[in-house]
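Q:
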Amino acid sequence: MDTVLVTGGAGYIGSHVVGILLNSGNIVRVLDNGMFGFQSLHPFGDNDHFELIKGDLRNISDIKRAVKGVHSIIHLGGIVGNPACSFDKLTCEDVNVTATLRLTELAAAAGVQRFIFASSCSVYGYGEQVFTEKSPLNPVDYYAESKIRGEEVLHDFMRDLTVTICRFATVFGASRRMRFDLAVNGMTASAVVEGICNVHGGSQWRPFIHSHDVATALCQIQRENKSSVASEIFNVGDDRQNMTLGMLGEKIRQAMPAVQVNIHDSMTDQRSYQVSFRKIHERLNFSGTIPLIKGIKEVSMLIESHIIPSYLLGIYSNLKTMEKQTA
1 MDTVLVTGGA
11 GYIGSHVVGI
21 LLNSGNIVRV
31 LDNGMFGFQS
41 LHPFGDNDHF
51 ELIKGDLRNI
61 SDIKRAVKGV
71 HSIIHLGGIV
81 GNPACSFDKL
91 TCEDVNVTAT
101 LRLTELAAAA
111 GVQRFIFASS
121 CSVYGYGEQV
131 FTEKSPLNPV
141 DYYAESKIRG
151 EEVLHDFMRD
161 LTVTICRFAT
171 VFGASRRMRF
181 DLAVNGMTAS
191 AVVEGICNVH
201 GGSQWRPFIH
211 SHDVATALCQ
221 IQRENKSSVA
231 SEIFNVGDDR
241 QNMTLGMLGE
251 KIRQAMPAVQ
261 VNIHDSMTDQ
271 RSYQVSFRKI
281 HERLNFSGTI
291 PLIKGIKEVS
301 MLIESHIIPS
311 YLLGIYSNLK
321 TMEKQTA
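Everything in the sequence shown is counted per the UniProt record's numbering, starting at 1 for the first residue and increasing by one.
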């Protein structure tokens, strides 16, 4: 029975990871500062195999306590998304880069065997080709730059730890810690509440993957044979869900036929990239199991059933939460 540390375990993806690991018989320890609260972890509170450390990745004593006796680390903790990272670049640097270095150093010293790092397909930036794990990196925003620097930190520890870098596609779908600052979730929520789906640009390509599928991939990598995942980079997604934002608007209209889709010429986000997920499919037999249309419907259900009181609340946005905490 492995003990797995999940940093950022109360988050959008992390709360899925915790549930999957516990259901698989692991002992799970979470290190999280509670930036978005701990409600997402309440279902696990009575589980004898679950431990929550309310601490900060920037605090060395918190890290030392968290890595003690741990077999594997799934490192999800960090400032996520360019709006939040650009709002406070110093904090982004400290959390996404410096704290990753400290965590990795202390993990190696504590005898941790596996380290799985959450990166992003946004490191590819912009291009007409289909990007693979070997493609040149072309970050166009500060978040992507911080993820590349985090990856570079990990490269220096590949002799001491079994390191795997996971570059996530754009994530969507329901979670116990919900986000509406993501393309699919935000556009779906707007369509439900206002009856309008606004698409800015529309020609930009994005790869999409459900948050639970990302968590499934991370947990699979944690239990894979070392030879399959050591010193490897995997794009985490599904080739079937590469599409333009215009195509995404049409998917939302398919799920909600009464919705009006408006295409605007102005691009609020210049990133455009198609990504190949052939490697993770062929090496690990991983494919997404939750199609985009199902994710759209589950997000719309959260709004329509009033489980989510208002998708505009700051708690559902990484940027708004950072702004509130620094005010």
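Quick reminder that beta carbons are idealized off the backbone N, C-alpha and C, glycines included.
Computed from a predicted structure; not experimentally measured.
Per DSSP, R114 is paired with what?
A: S72, T162.
Q: If you follow the alpha helix (DSSP H) that K297 is in, where does it begin and where does it stop?
A: K297 -> alpha helix (DSSP H) spans 292-304.
Q: Drop a sphere of 10 angstroms on the beta-carbon of S40, count the other beta-carbons inside from all chains shown, and report buried for 16 or more, exposed for fewer.
A: Result: buried.
Q: Within the same chain, show all residues whose beta-carbon is closer than 6 angstroms to that of T100, passing over the 5 residues directly before and after it, in chain order.
A: The answer, listed in chain order, is G150, V153.
Q: Cβ atoms of I296 and T170: under 8 angstroms apart, would you say?
A: Cβ distance not < 8 angstroms, so T170 and I296 don't count as in contact.
Q: Would you please state the rounded distance, in angstroms, between the beta carbons of C197 and V261? I believe it to be under 8 angstroms.
A: Between V261 and C197 the Cβ distance is about 5 angstroms, and since that is below 8 angstroms, they are a contact.
Q: Starting from L103 and walking both ways along the beta strand (DSSP E), at which residues does that stretch end?
A: Careful: L103 lies outside any beta strand (DSSP E), inside the alpha helix (DSSP H) at 99-109.
Q: Does P257 come out as helix, strand or coil in the three-state DSSP assignment?
A: Reduced to three states, the DSSP call for P257 is coil.
Q: So, under 8 angstroms CB-CB, I13 and I116 are touching, yes? Tell me the CB distance rounded to an integer number of Å.
A: Not quite, the Cβ-Cβ distance comes to about 12 angstroms (not below 8 angstroms), so this is no contact.
Q: Under 8 angstroms Cβ to Cβ from L54, same chain only, skipping five residues before and after it: list those, please.
A: Sequence check: residue 54 is Lys here, not Leu. Closer than 8 angstroms at the Cβ level, and outside the excluded window around K54, lie D32, N33, G34, F38.
Q: Rounded to a whole number of angstroms, what is the C-alpha to C-alpha distance between N208 and H264?
A: Correcting the residue type first, residue 208 is Phe in the shown sequence and not Asn. Spanning the two alpha carbons is a distance of roughly 21 angstroms.
Q: Pairs of beta-carbons, one from the region 119-126 and one from the region 273-283, closer than 8 angstroms: are there three or more?
A: Contact between the region 119-126 and the region 273-283 is present, because at least three Cβ pairs lie under 8 angstroms.
Q: Since A183 and R206 are thought to touch, with beta carbons under 8 angstroms apart, how far apart are those beta carbons, to the nearest angstrom?
A: At roughly 7 angstroms, the Cβ-Cβ gap stays under 8 angstroms, so A183 and R206 are in contact.
Q: In terms of residues, what are the limits of the beta strand (DSSP E) holding D32?
A: Taken as a continuous stretch (DSSP letters only), the beta strand (DSSP E) holding D32 covers 27-32.
Q: Out of S120, M158, H75, which one is the CA nearest neighbour of V140?
A: Among S120, M158, H75, the Cα nearest to that of V140 is on S120.
Q: Give me the Cα-Cα distance between N82 and L76, rounded to the nearest whole angstrom.
A: Approximately 16 angstroms between the Cα atoms of the pair.
Q: Indicate whether V4 and S72 have their beta-carbon atoms separated by less than 8 angstroms.
A: The answer is yes: Cβ separation under 8 angstroms.
Q: Find out if the Cβ-Cβ distance for the pair A109, L161 is shorter than 8 angstroms.
A: Not a contact, by the Cβ cut-off of 8 angstroms.
Q: Start and end of the beta strand (DSSP E) containing L5?
A: Segment 3-7, the beta strand (DSSP E) holding L5.
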